[in-house]
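Heads up, the thing below is written out as structure tokens.
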Amino acid sequence: MLENKVVAENSVLIHPQEQAAKTRMEEERQKWNKQIEQQKQEQLALLKQIEEERAGLEADFLKIQMQTRLEEAKKKKREEEQGQLVQSHNVPSTDQQNKVKHETGNTAVSEMGSSREDSHLQMIRNYQQRLLQQNR
């Protein structure tokens, strides 16, 4: 009997209802931690997806920006060439007059193409603005 008494003094006896409550609380805590971890993983996946989309948009933006600069450089070069043509045609010969007539026909076509290019450039600029606003 003395042995039973010593064992009882050294160990803490917990009421079964208290033990069940502690077990439930521990299970709830583990469940809560699991949910938090799952949400964390979902958020990390979404963040990764957003970063990939952002990188793609930035690449598209840079590509469009380079195309726009290239088109502007080509347009400037054409304008400079047309300016040089005007300067070199002060006193045209018969061959030069025929050449000017031919170039004038091309200029009309070029101006139509230029207006299409201008509208295309405007579309690109509008798209760039939308991309910038989305990234903000």
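Heads up: the sequence shown begins at 1 in UniProt numbering, then just goes up one per residue.
C-beta atoms are modelled at their ideal positions from N, C-alpha and C, and glycine is treated no differently.
Contacts around residue i, its chain only, beta-carbon distance under 8 Å, and the 5 residues preceding and following it disregarded
i	result
Pro16	none
Arg125	Thr68
Leu57	Leu131, Gln134 and Asn135
Residue environment, residue i, which counts as buried when at least 16 other CB atoms sit within 10 Å
i	result
Glu18	exposed
For residue i, the three-state DSSP class (helix, strand or coil)
i	result
Leu13	coil
Arg136	coil
Inter-residue CB distance, residue i and residue j (contact presumed, cutoff 8 Å)
i	j	result
Glu117	Glu71	6 Å
Same chain only: Cβ atoms within 6 Å of residue i, ignoring 5 sequence neighbours per side
i	result
Ala55	none
Glu42	none
Sequence-distant residues of the same chain with beta carbon closer than 7 Å to residue i, five excluded per side
i	result
Thr107	Bear in mind that a pLDDT of 49 at Thr107, under 50, signals an unreliable position, so the model cannot answer this.
(message) Measuring CB atoms only, is the segment 36-50 touching the segment 114-132, in the sense that at least three cross pairs come out at less than 8 Å?
(response) no
(message) Could you check whether the segment 23-41 touches the segment 71-81, counting it as contact only if at least three pairs of C-beta atoms, one from each stretch, sit closer than 8 Å?
(response) no
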